Amino acid sequence: MELIGIVAGFCTTASFVPQVVHTWRTKSVADISLRMYLMLCLGVALWIVYGILIGSLSVLLANLATFVLAASVLGMKLRYGRLSRKRDKRGP
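All residue numbers for the sequence shown refer to UniProt numbering, where the first residue is 1 and numbers rise by one.
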């Protein structure tokens with residue numbers, strides 16, 4: 001059963017990698033929802049706590065990796081979104 005959890009965790013965590021890479025390369029964050037990533041990071045943080053409390057390595061590791069990736073997108077949204085707004089105010 002733990003193997004199923006590890007494989008499921010890997011698949012769901014790996015699904016964030018294309019978004020992280022795309023955002024990093026393009027620095028385009030206009031279509032990324034800030035609220036969604038705030039809620040996602042909060043939810044994943046709670047999964048990390050839950051994984052610790054129940055002693056589940058698969059829950060803990062998958063959600064730690066997911067948190068790092070989701071927080072990366074959130075950080076880029078905040079950083080690049082702010083830079084984009086500054087450019088828009090100054091004009092071309």
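Just so it is clear, CB atoms sit at the ideal spot from N, CA and C, and this is done for glycine as well.
Nothing here was measured: the structure is a model prediction, and the numbers come from that model.
- Y50 sits exposed, since fewer than 16 C-beta atoms from the chains shown fall within 10 Å of its C-beta.
- For M39, the closest of A71, E2, S56, G81 by C-alpha to C-alpha distance is A71.
- In this structure, Y37 sits away from L64, with a CB-CB distance that is not shorter than 9 Å.
- Excluding five sequence positions before and after W47, the CB atoms of its chain that fall closer than 6 Å to its own CB belong to N63, given in chain order.
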